[in-house]
Amino acid sequence: MFEHSRSEPQVMHPRRAVLQAACAAVGALSTPWLRAQTVSPPSSAAPGPHVLPPLPFADNALDPVMSATTLGYHHGKHHKAYVDNLNKLLAGTEQAALPLDKLILATSGRPDQQAVFNNAAQVWNHTFFWQGLKAQGGGEPPAALMNKVKDSFGSVAQLKKDLLAASLGQFGSGWAWLVQDGDRLKVVKSTGGDNPMTAGLKPLLAIDVWEHAYYLDYQNRRADYVNAVLDKLVNWEFVAGQLKA
Ligand SMILES: [Fe+2]
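Below, the structure is given as C-alpha cells:
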C-alpha cells in the first residue's frame with residue numbers, strides 16, 4: 092500500500108517489510124530525537140459517534156492558494172461525508188466505542204472491515220491534513236525540525252522534491268506523507284485512504300492528492316497544487332509538533 096520515495100533497509104514489521112522493499116535510503120539521522128510539542132491530531136482520542144472538526148482557519152483564509160470554494164466542498168462535503176458514513180457503519184456496533192486511531196488500526200487489512208477502515212482513515216487523514224496547513228505558511232521549518240530534515244533529506248528543497256515526486260507518483264486518489272520511522276524521517280505515499288500508522292509509521296504531514304483537493308482551483312495540474320501547498324500553506328510548526336521524542 093505504501094511506497095517510499097527512496098530505498099530503505101529491511102525492518103521486522105510484516106507490513107512494513109513489504110513497503111520497505113520499495114523504499115530508497117533516506118540516510119541515517121545523527122541527531123537525538125527532538126522533543127515532541129503538544130500538538131496532536133484531534134478526534135484520535137474521542138470515541139464515536141464521530142464529529143466533523145471545524146477547520147482550524149476561516150474558510151477563505153487560504154485563498155487564493157486553496158479557495159473558499161474548494162474548502163467548502165472538501166471540508167463541508169467530502170470530509171463530512173466520511174464522518175457521516177462512518178457513524179452509519181458504526182451504529183449499534185462495539186466499534187463505535189473505539190477512538191478513531193484505534194478503529195483504524197483494528198480494521199486495517201481486514202476485507203470485511205474495508206468500508207469502516209476507509210471512512211475512519213479518511214476522517215483522520217483530512218483532520219490531520221487541515222492541521223498541517225495555515226495562511227501564510229511555507230517558509231522554513233523550526234530549527235529543531237530543520238535539523239532533522241537536513242539529516243534525512245539534505246535540505247528542505249529536497250524534502251519538497253520528494254513530496255512532489257510522491258504526490259505525482261501516486262496513481263489516482265491517495266496521499267503523500269512526511270513520516271517518522273524510528274530515527275528517520277521519510278516520504279511515503281498511500282492509496283485511497285490508507286494511513287501510514289497502519290505500517291508503524293508516525294505521520295507528520297499529509298498532502299491530499301485526491302482530485303477533490305485541487306480540481307476546482309488547479310484542474311488537472313496536481314504539481315501546481317502540491318508546490319503551492321508546500322511553498323505557501325505548510326504549517327511547519329504543526330509538523331514539528333508531531334515529532335515523537
Ligand atoms: Fe480529501
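Each residue of the sequence shown is one higher than the last, beginning at 92 in this note's numbering. For every residue, glycine included, the Cβ atom is placed at its ideal position computed from N, Cα and C.
- With respect to 7 Å, is the separation between the Cβ of Trp51 and the closest non-hydrogen atom of ligand 1 below this value? Outside the shown range of the chain (92 to 336) lies residue 51, about which nothing can therefore be said.
- Query: Could you give the uninterrupted runs of the alpha helix (DSSP H) lying entirely in the stretch 125-213, keeping only those of 4 residues or more?
  - Reply: With a minimum length of 4 residues, the continuous alpha helix (DSSP H) runs that stay inside the stretch 125-213 are 159-164, 171-181 and 191-198.
- Message: To the nearest angstrom, how far is the alpha carbon of Gly229 from that of Ala314?
- Response: Mapped onto the sequence shown, residue 229 falls at position 138. Mapped onto the sequence shown, residue 314 falls at position 223. Approximately 16 Å, taken between the alpha carbons.
- Query: Within the present structure, is the beta-carbon of Ala212 separated from the nearest heavy atom of ligand 1 by less than 7 Å?
  - Reply: The count along the sequence shown starts at 1 and reaches residue 212 at position 121. It does not: the Cβ of Ala212 is nowhere closer than 7 Å to a heavy atom of ligand 1.
- Message: With distance defined between alpha-carbon atoms, name the residue in Gln333, Ala319 and Ala336 nearest to Thr154.
- Response: As a working mapping, residue 154 is identified with position 63 in the sequence shown. Correcting the residue identity first, residue 154 is Asp in this sequence and not Thr. Minimum Cα distance to Asp154 is reached at Ala319.
- Buried versus exposed, by CB contacts within 10 Å (16 or more), Pro140: Taking the sequence shown and counting its residues from 1, the one referred to as residue 140 is at position 49. Result: exposed.
- Task: Output the distance between the C-alpha atoms of Met288 and Leu276, rounded to the nearest integer angstrom.
- Result: Indexing the sequence shown from 1 puts residue 288 at position 197. Indexing the sequence shown from 1 puts residue 276 at position 185. A direct Cα-Cα distance of roughly 14 Å separates Met288 from Leu276.
- Query: Between Ala337 and ligand 1, is the CB less than 7 Å from at least one heavy atom?
  - Reply: In the structure displayed, the chain extends from 92 to 336; residue 337 sits before or after that span and is not available.
- Please confirm whether any heavy atom of ligand 1 lies closer than 7 Å to the CB of His141. Position 50 of the sequence shown, counted from the first residue, corresponds to residue 141. Outside the cutoff, so no.
- Span separating the alpha-carbon of Leu324 from that of Gly291: Taking the first residue of the sequence shown as position 1, residue 324 is located at position 233. Taking the first residue of the sequence shown as position 1, residue 291 is located at position 200. If you draw a straight line from the Cα of Leu324 to the Cα of Gly291, it comes to about 27 Å.
- Message: If contact is defined by three or more beta carbon pairs under 8 Å, each pair taking one atom from either stretch, is the stretch 166-180 in contact with the stretch 202-216?
- Response: Between the stretch 202-216 and the stretch 166-180, the count of C-beta pairs closer than 8 Å reaches three or more; the two stretches touch.
- Query: Could you give the distance in angstroms between the alpha-carbon of Thr129 and the alpha-carbon of Trp221?
  - Reply: Along the sequence shown, read from residue 1 onward, the residue named residue 129 stands at position 38. Along the sequence shown, read from residue 1 onward, the residue named residue 221 stands at position 130. Caution applies to Thr129, whose pLDDT of 33 falls short of 50 and renders its modelled position unreliable; the value that the coordinates give is listed next. So the two alpha carbons sit approximately 17 Å from each other.
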